[in-house]
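Visitor:
In my numbering, the protein residues as written are -11 to 468.
#1: Given a threshold of 16 other Cβ atoms within 10 Å of its Cβ, counted over all protein chains shown, does residue -5 qualify as buried or as exposed?
#2: Roughly how far, in whole angstroms, is the beta-carbon of residue 426 from the beta-carbon of residue 238, given that I think they are within contact range, below 8 Å?
#3: Can you give the Cα-Cα distance for residue 154 and residue 115, rounded to whole angstroms?
#4: Please report how far the alpha carbon of residue 274 lies from the alpha carbon of residue 393, in whole angstroms.
#5: With a CB to CB cut of under 8 Å and the five nearest residues on each side skipped, what residues in its chain are close to residue 349?
#6: Considering Cα atoms alone, identify which of 184, 185, 205, 386 is closest to residue 194.
#7: Below 8 Å on the Cβ atoms is my guess for residue 322 versus residue 412; work out the distance and round it to an integer in Å.
#8: Taking DSSP's pairing of strands, which residues face residue 107 in a bridge?
#9: Spatial neighbours of residue 32 within its chain, please: CB distance less than 8 Å, with the 5 preceding and 5 following residues excluded, ordered by chain position.
#10: May I have the straight-line CA-CA distance separating residue 454 from residue 242, to the nearest angstrom?
#11: Can you list, in chain order, the residues of its chain whose CB lies under 7 Å from that of residue 7, leaving out five sequence neighbours each side?
#12: Where does residue 129 fall in DSSP's three states?
#13: Quick check on the DSSP output: the alpha helix (DSSP H) that includes residue 45 runs from which residue to which?
#14: Does the beta-carbon of residue 212 have 16 or more other beta-carbons within 10 angstroms, so that it is buried, or is it exposed?
#15: Does DSSP put residue 283 in a helix, in a strand, or in coil?
#16: With a 10 Å radius around its C-beta and 16 neighbouring C-beta atoms as the bar for buried, classify residue 357 as buried or exposed.
#17: Apart from the five residues just before and just after residue 351, which ones in its own chain have a Cβ nearer than 6 Å to its Cβ?
#18: How many whole angstroms separate the CB atoms of residue 90 and residue 70, which I take to be in contact at a CB cut-off of 8 Å?
#19: Report buried or exposed for residue 192, applying the criterion of at least 16 other Cβ atoms within 10 angstroms of its Cβ.
#20: Once the 5 residues before and after residue 48 are set aside, which same chain residues still bring their CB inside 8 Å of it?
#21: Start and end of the alpha helix (DSSP H) containing residue 32?
#22: With burial defined as no fewer than 16 other Cβ atoms inside 10 Å of the residue's Cβ, what is the status of residue 456: buried or exposed?
#23: By DSSP, does residue 236 sit in helix, in strand, or in coil?
#24: Give the straight-line distance between the Cα atoms of residue 35 and residue 78, rounded to the nearest whole angstrom.
#25: Spatial neighbours of residue 435 within its chain, please: C-beta separation below 7 Å, excluding the five flanking residues on both sides.
#26: Are there three or more Cβ pairs, one per stretch, closer than 8 Å when the stretch 360 to 370 is compared with the stretch 250 to 264?
#27: State the DSSP-derived secondary structure class of residue 243, mapped to helix, strand or coil.
#28: Residue 378 by DSSP, collapsed to three states: which one?
Below, the structure is given as structure tokens:
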């Protein structure tokens, strides 16, 4: 283990040194390092003060300043500063007393002298293989000391976990996006609650009916906390979301968390099946259309995709029920838990527009990629068409398609209410629609926020897929 001359400090290991230096450049991480390791930093601060007494930098700096003054460098800086100030006043036609010019020139000359002395002092320390003792250097050196690490492991455990997390660029990438998702969820909760709070609907009057007295309405508001100030209600709502305790709905006195727990998996299953169907069908169609542009297959596939984008969900669902359920009796008309045939038609209806969108995006993205210079280079190297297409073209063309998939999947979760109503599915979409006209604030907040959580997790998966398909993103992850 190397030690620096005259300082007695340890050279930090590359991992901790690089990690700590990178975190110093980002103020937010630096702040968390200080907060999470506050007991450790208090000890390090006293060690730093002790080492500071023997710091060769201060003595060298003092001697360097005196030497520069004896050389006449300060007098030179002072003369230059006075001339610059006089020229500036003449140019701007300003009047200044000789004493004020001299005082300002003295300050500027002293600043330049300090900068020159510090620069030359640091060069001398480098030549002597010594370092200026700073808090950063002291902390970095102690991170190399096994005894210090063992003694500070328990009080500094959160800080060391953060250092280890930051040292792995991929884990840090995921962690930062989870934190951003947390802010998004809180923002969604704040926005939705504020809109419901300001809405003209009166939950008590809507539920109790027109014959309800003022005392009954006041009692209802007191039971559900609607008589409390806005900030109190908002805090209780966010706290309930964080603790998964959303309370009881205004209607039926049912637990909101348990209701969402029963209804949300149905919507999520429907959306995932529709998404898988769309990906399996749309991506091959998009690739075939792009490799054979302006052909019969291309025109046919894109025409069908345009029809799929144009058909309303409710109309397509009714047509499916009339034909496949009532006329031909192939599938059940309504959803029945445990009967996988009953989810086929809702999944197809919900995934039709998604399939069309992905197919069109895959076609346009592939067409753009196959005309790039690196594709021509790959062909010139002698690779066959299949290798060029799948190894070079498709992987790059998938990047915008992944973006579209992420955006449309979020829309599927929020927009599944129409399909659920048509096929009598008791999912989260229809649940929110039923509750919004009261408005049943706990039920709506629970449904919307947990949809937002799911969409945030999907976006996190999309970001990870970006890094998998695009090497440029992987390189940026390593740099920041």
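Built from N, CA and C at the ideal position, the CB exists for glycine as well.
All figures in this text were calculated on a predicted structure; none of them were measured in a lab.
Guide: Looking at the coordinates:
#1: Working through the chain shown from its first residue, we reach residue -5 at position 7. Here the model assigns residue -5 a pLDDT of 40, short of 50, so the residue's position is not dependable, and the following value carries that caveat. That one is buried.
#2: Along the chain shown, one-based indexing puts residue 426 at 438. Along the chain shown, one-based indexing puts residue 238 at 250. Yes, they are in contact, since the Cβ atoms of residue 426 and residue 238 sit about 6 Å apart, within 8 Å.
#3: In the chain shown, counting from the first residue as 1, residue 154 sits at position 166. In the chain shown, counting from the first residue as 1, residue 115 sits at position 127. Going from the Cα of residue 154 to the Cα of residue 115 covers about 33 Å.
#4: Along the chain shown, read from residue 1 onward, the residue named residue 274 stands at position 286. Along the chain shown, read from residue 1 onward, the residue named residue 393 stands at position 405. Distance between residue 274 and residue 393, taken at the CA atoms: about 14 Å.
#5: Translated into the one-based positions of the chain shown, residue 349 becomes position 361. The answer, listed in chain order, is 274, 388, 389, 392.
#6: Stepping through the chain shown from its first residue, residue 194 is reached at position 206. Comparing alpha-carbon positions, the option among 184, 185, 205, 386 lying closest to residue 194 turns out to be 205.
#7: Position 334 of the chain shown, counting from 1, holds the residue named residue 322. Position 424 of the chain shown, counting from 1, holds the residue named residue 412. Confirmed, about 4 Å.
#8: Within the chain shown, the letter at position 119 stands for residue 107. Paired residues: none, contrary to the question.
#9: Residue 32 sits at position 44 when you count from the first residue of the chain shown. So the list reads 123, 126, 127, 130, once near-sequence residues are dropped.
#10: Start at 1 with the first residue of the chain shown, and residue 454 comes out as number 466. Start at 1 with the first residue of the chain shown, and residue 242 comes out as number 254. Spanning the two alpha carbons is a distance of roughly 42 Å.
#11: Taking the chain shown and counting its residues from 1, the one referred to as residue 7 is at position 19. For residue 7, where only same-chain residues beyond five positions count, the Cβ hits under 7 Å are 151, 154, 155.
#12: Here residue 129 corresponds to residue number 141 of the chain shown, with the count starting at 1. Here residue 129 sits in helix by DSSP.
#13: As a position in the chain shown, residue 45 is number 57, starting the count at 1. It spans 44 to 58 - the alpha helix (DSSP H) in which residue 45 sits, taken as one unbroken run.
#14: Start at 1 with the first residue of the chain shown, and residue 212 comes out as number 224. Classification of residue 212: buried, given that the 10 Å Cβ count is 16 or more.
#15: As a position in the chain shown, residue 283 is number 295, starting the count at 1. Coil, per DSSP.
#16: As a working note, residue 357 is residue 369 in the chain shown. So residue 357 ends up on the buried side.
#17: Sequence index remark: in the chain shown, residue 351 carries index 363 (1-based). So the qualifying residues of the chain are 274, 277, 278.
#18: Against the chain shown, residue 90 aligns to sequence position 102. Against the chain shown, residue 70 aligns to sequence position 82. The Cβ separation is near 7 Å, so the contact holds.
#19: To locate residue 192, count along the chain shown from 1; it is residue 204. Under this definition residue 192 is a buried residue.
#20: For the purposes of this step, residue 48 is taken as residue 60 along the chain shown, with counting starting at 1. For residue 48, where only same-chain residues beyond five positions count, the Cβ hits under 8 Å are 109, 112, 113.
#21: Translated into the one-based positions of the chain shown, residue 32 becomes position 44. DSSP places residue 32 in the uninterrupted alpha helix (DSSP H) bounded by 26 to 40.
#22: On the chain shown, residue 456 is found 468 positions in, with the first residue counted as 1. Classification for residue 456: exposed.
#23: Position 248 of the chain shown, counted from the first residue, corresponds to residue 236. Reduced to three states, the DSSP call for residue 236 is strand.
#24: Start at 1 with the first residue of the chain shown, and residue 35 comes out as number 47. Start at 1 with the first residue of the chain shown, and residue 78 comes out as number 90. Between residue 35 and residue 78, the C-alpha separation is close to 53 Å.
#25: If you number the chain shown from 1, residue 435 lands on position 447. Cβ within range, chain order: 248, 416, 419, 420.
#26: no
#27: For this step, residue 243 is matched to residue 255 along the chain shown. If DSSP states are grouped into helix, strand and coil, residue 243 belongs with the strands.
#28: Here the question's residue 378 lines up with position 390 in the chain shown. It is helical.
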